[in-house]
Amino acid sequence: MDKLIIQTDEKMVVLNPSDIGYAERIDRMIKIYTLKNEVIITKMSLKELEEKLSAFPFYRPHRSYLVNLDAIEEITPWFNGAYNVVIREPLHSKIPVSRTAAKEFFEVLENI
0 MDKLIIQTDE
10 KMVVLNPSDI
20 GYAERIDRMI
30 KIYTLKNEVI
40 ITKMSLKELE
50 EKLSAFPFYR
60 PHRSYLVNLD
70 AIEEITPWFN
80 GAYNVVIREP
90 LHSKIPVSRT
100 AAKEFFEVLE
110 NI
């Protein structure tokens with residue numbers, strides 16, 4: 000699978016998984032932020048998107064986020080064992096890594 004097809008309200012968007020910076024669940028929608036500074040909104044669940052991207056270096060560091068590990072610019076400590084990852088430009092967004100996911104997150108990063 001080289002491409003990902005995302006259904007929006009108006010159309011179907013064809014994406015390269017490597018163009019995705021991260022995805023965020025907001026209410027019952029998913030916002031997919033691309034490294035081309037586009038935002039795609041879909042009613043797909045974050046779990047469905049995670050399954051579609053399972054062959055690519057994506058990780059779910061928090062229940063509301065899915066991150067492209069290749070798009071991470073830096074990792075900073077936050078509080079109580081949690082961290083923030085910063086997605087590279089043009090997004091430069093901070094994504095939380097929950098305390099419970101932190102250990103596995105670092106193991107996954109070391110093995111990619």
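Sequential numbering from 0 applies to the sequence shown in numbering that gives the first Met the number 0.
For glycine and all other residues, C-beta sits at the position ideal for the given N, C-alpha and C.
C-alpha gap between Pro29 and Ser53, whole angstroms: First, the residue type needs correcting, since residue 29 is Ile and not Pro in the sequence shown. Each residue's Cα considered, the two are about 17 Å apart.
Backbone secondary structure at Arg59 - three-state DSSP: strand
Pair within 8 Å by beta-carbon distance, Gly20 and Ile111: no
Local conformation of Ala81 per DSSP, three classes: coil
Nearest-angstrom Cβ-Cβ length linking Pro95 and Trp77, presumed shorter than 8 Å: 7 Å
Helix, strand or coil at Pro16 according to DSSP, with G and I counted as helix: helix
Member of Leu34, Phe55, Ala22 and Thr33 whose CA lies at the smallest distance from the CA of Ser44: Ala22
Bridge partner(s) assigned by DSSP for Asn67: Phe57
Cross-strand partners of Thr75 (DSSP beta bridge): Asn83
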